[in-house]
Amino acid sequence: KMAQASISVDQDQFVCPLCLDFLKDPVTIYCGHSFCKMCINDHWDQENQKSVYSCPQCRDNFTQRPILRRNSMLAELTEKLQTIEVQAPSHAHCYAGPGDVECDFCTGRKHKAVKSCLVCVASYCEIHLKSHLERPALKKHTLIKASGKLQEKICSEHDEVLKVYCRTDLTCICYLCMMDKHKGHETVTAAAERAEKQNKLKEDQIKLQKKIQEKQKKVQELKQAVNIIKLNAQTSVNDNERIFTEMISSIEKKRSEMTELIRDQEKAELSQPEQLLQQLEQEISDLQRKVTELEQLSQTQDHIHFLQSPTILKPNFQTSSITVHQHLSFDGVRNSLSDLKKRFKEFCEEELNKIPPQVAAVYVISSQEPQSREDFFKCMSYRMSGAHCATFHSSSQLSLVRPRKHNTNVTLFGVPIGSWFDGHRRRSSHCRSLCPSFDDRIVAKITLCAPGLTRTYTQSTYFFTHIHTDIRITDNILTLFISVFSFISDYCYLTLDPNTAHRNLILSEKNREVKYITSDQKYFDNPNRFNCIWQVLCKESVCGRCYWEVEWSSDGGVAVSVSYKDISRKGRGDECRFGHNNQSWSLWSSSSSLCFYHNNKKMDLKVSSSSRLGVFVDYSAGTLSFYSIFDTMKLLHKVHTTFAQPLYAGFGLYWGSAS
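End of the sequence shown = 681 in this note's numbering, gap-free, step of one.
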């Protein structure tokens, strides 16, 4: 004990001065100090350039690098010291403190328990634990990390260890409880129940891990969406700066042209007055000279000279007659420019006010499926002043009609921004072919691109034409504004494609209503027409996030579907029927049943059908949802997939008994 205490007191002597840890492979240099071999080598490697080596502790210098030899005695002492440090921790460290589990067998001041025995229901310190580690009979006991809750493992009624699990009462019991209060219950050993619950726990862990991976994927998608929004926003800001810079440059150019034109007109108007001014000054000079001559003549004393003077004989005092008009002004130009400013301001306010709703249409895909109409209306990207929905009427009749006033926000379809630009480019090309002249092109663009504002633009065009002669202002500014804002008024909603409708289906209400009739319609032959199955597709493709509603009534059944454009149209086979192939998804509904079809696989839905159905497509997320619409919305079925082509809404009407 005395040696151990001495080593404990002097253990700093066995610490390397460089790494401050116990010496490892110790070496002693010429001055007598010891270091780890690796530490002193690393230290001297850094001093190679100085050609002088020194002791890191006493700073003694050596002209040559000392040869290092292992200090065997010091190495042996260090190893023993480390062994004692591990095997014999200090008493202060072994005593139990606040929050520690105390050893049940220590007397006096109790030591900290390191293990608890579930068989003995007791906790042991390192000293008293030796019997469990050495005696064969005790080695079979189950040891766990020291726990202060061992009493929870004892039956409060019988003071026995809880070793049985009652599945009937979902509680842990002892063997005596199993023979008494829990007699006849379904019981198993705690180990067996643990094993079963452990398997269930693993399954739950796998499910949770899968959910974590799904959430992480959504996080990446959301981050990507955020980056796209930021990129698009920055692109829009750059376009905004560029367009307004161009407009300002154009206005500055027109201002310079206007100033130049006014100066040219000023120069033209001043050329004649300046000539007249010189003429008048010359005439004044001549008249003043004559006045001087007359003054001199009047003072002469020679009567004959006076009478023979040319001034007396032939007096000539004629001068040019000039009329000065002081009413020439530029009030017309000033008034025209003031009117232009006013109209330009009104135009900007009116058109720029249309931009915020379009900007507000940018959205981030929600992580939750919308559960109400309000949720759908919030997540729809585009708003239209007159929204539409799909509805069926009597006798297998479907129509796309305007919703009731309390559903004014129901949106069937919104066109992506890209198609707005495509449409604008097509219309611009059309305008150029129709109207080769600048002035006519203004009127054409007004008529085709912004029919709701034709009157305002026409007045502006007339104004430009009216002042064209004087100030030569072209239509560049107006054309620029029309090019920027004309796409805002474009929108689209679902309409049925008559080229796909079966001959027993009649379309009406501007191709927003379809119903089944027994007589064939005189439709033109078309390769896109369903020739054997009573089905019809819509013209517009569904992309992005889109929602529409269908209200129906029928003596038979109806199919509300979405389909790829490549679905077959000719024949009665499954390749043509909605839901019976991998090209389409279909909800078949009748008064008595409801089922979902895809790739010819049927799924019966154990829910009651509704006369109004909602369809929600999130193309990028790969989800298709069908809803039952009453006072609230109820999810009927949801599909998770990856869409490979644009989708088209489709409807099937089936006369007779429902399948």
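Even for Gly, the Cβ is constructed at its ideal location relative to N, Cα and C.
In this structure the region 558 to 567 does not touch the region 648 to 663; the number of beta carbon pairs closer than 8 angstroms is below three.
As the crow flies, the alpha-carbon of residue 149 is around 10 angstroms from that of residue 125. Per DSSP, residue 634 is one residue of the beta strand (DSSP E) stretching across 634 to 640. Checking the DSSP bridge columns, you'll see residue 579 partnered with 612, 676. Between residue 525 and residue 554, the C-beta gap is not smaller than 7 angstroms, which leaves the two residues out of contact.
Contact annotation, residue 123 with residue 135: C-beta distance approximately 4 angstroms; criterion of less than 8 angstroms satisfied. Around the beta-carbon of residue 358, 16 or more other beta-carbon atoms lie within 10 Å, marking it buried. Classified as buried, residue 672 has 16 or more neighbouring CB atoms from the shown chains inside 10 Å of its CB. Look at residue 325 here: in three-state DSSP terms it is helix.
Residue pairing from DSSP places residue 671 in a beta bridge opposite 584. Under the 8 angstroms Cβ criterion, the region 189 to 205 counts as touching the region 169 to 180, having at least three qualifying pairs.
By DSSP's assignment, residue 48 forms a beta bridge with 58. A contact between stretches requires three or more CB pairs, one per stretch, nearer than 8 angstroms, and the region 640 to 652 fails this requirement with the region 525 to 540.
For residue 559, the closest of 665, 540, 655, 669 by C-alpha to C-alpha distance is 669. Look at the beta carbons and you see the region 320 to 336 not touching the region 257 to 266: under three pairs across the two are nearer than 8 angstroms. Across the set 323, 66, 665, the C-alpha of 66 shows the shortest separation from the C-alpha of residue 81. In the structure shown, the three-state DSSP call for residue 117 is strand.
Here residue 616 is near residue 627, since their CB atoms are less than 7 angstroms apart.
Bounds of any alpha helix (DSSP H) do not take in residue 166; it lies within the beta strand (DSSP E) bounded by 165 to 167. Under DSSP, residue 557 takes part in a beta bridge, and its partners are 674. Selection 596, 323, 73 evaluated against residue 85 yields 73 as nearest (Cα-Cα).
Considering only 519, 609, 309, 167, the residue with the shortest C-alpha distance to residue 549 is 519.
Put simply, the region 48 to 58 touches the region 87 to 105. At least three CB pairs are less than 8 angstroms apart. DSSP places residue 127 outside both helix and strand once states are collapsed to three, so it counts as coil. Looking only at 217, 154, 607, 643, the smallest Cα-Cα distance to residue 624 is reached by 607. With contacts defined as CB atoms closer than 7 angstroms, residue 207 and residue 194 fail to qualify as a contacting pair. For residue 527, no alpha helix (DSSP H) encloses it; the enclosing beta strand (DSSP E) starts and ends at 527 to 530.
CA-CA distance, residue 604 to residue 620, rounds to 6 angstroms. The continuous stretches of beta strand (DSSP E) do not include residue 154, which lies in the alpha helix (DSSP H) extending over residues 152 to 156. Nearest neighbour of residue 280 by Cα position, chosen from 362, 319, 230, turns out to be 362.
Secondary structure of residue 217 (DSSP, three-state): helix. Between residue 643 and residue 609 the beta-carbon gap is near 19 angstroms, outside 8 angstroms, which marks them as no contact. Per DSSP, the beta bridge partners of residue 563 are 670.
Apart from the 5 residues on each side of it in sequence, residue 552 sits with its Cβ closer than 6 angstroms to the Cβ of 524, 591 in its chain, given in chain order.
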